[in-house]
Amino acid sequence: MEIYFSIKDPVGNELANASQNRSINANETDDFRTNIPINKTLNGTMTLSVSYNSQIYSSSVLEPIDLTSVTGAAILGGI
70 MEIYFSIKDP
80 VGNELANASQ
90 NRSINANETD
100 DFRTNIPINK
110 TLNGTMTLSV
120 SYNSQIYSSS
130 VLEPIDLTSV
140 TGAAILGGI
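Per our numbering: the sequence shown = residues 70 to 148.
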């Protein structure tokens, strides 16, 4: 499975990104984590975009994130 993370500004411009290739067996679940390097000057409400693509299924998720403080996000819950 290929997973692509990006942080976008309110207009939709991509400001930072990271990608991963992971293996997961059919009918199993797993947790994935990544660090997205960002410019320290980024501030305010942005959008975290996550796209994933396997040989059978692909989708994406958008979540608002606030970069005014230390942040973490749990996404893809139940997908």
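We put the CB at the ideal spot given by N, CA and C, even for glycine.
| Query | Result |
| --- | --- |
| Give me the residue from Ser128, Thr103, Thr137 and Glu132 with the minimum Cα distance to Ile110. | Correcting the residue identity first, residue 110 is Thr in this sequence and not Ile. The shortest Cα separation from Thr110 among Ser128, Thr103, Thr137 and Glu132 belongs to Thr137. |
| Relative to the alpha-carbon of Met115, which residue among Pro106, Ser123, Leu84 and Gln89 has its alpha-carbon at the smallest distance? | Leu84 |
| Report the partner residues of Asp78 according to the DSSP bridge assignment. | Beta-bridge pairing links Asp78 to no other residue. |
| Return the CA-CA distance between Glu71 and Ser128, expressed in angstroms with no decimal places. | 11 Å |
| Give the list of continuous beta strand (DSSP E) stretches no shorter than 3 residues that lie fully inside the segment 81-114. | 83-90 |
| In three-state DSSP terms, what is Leu131? | strand |
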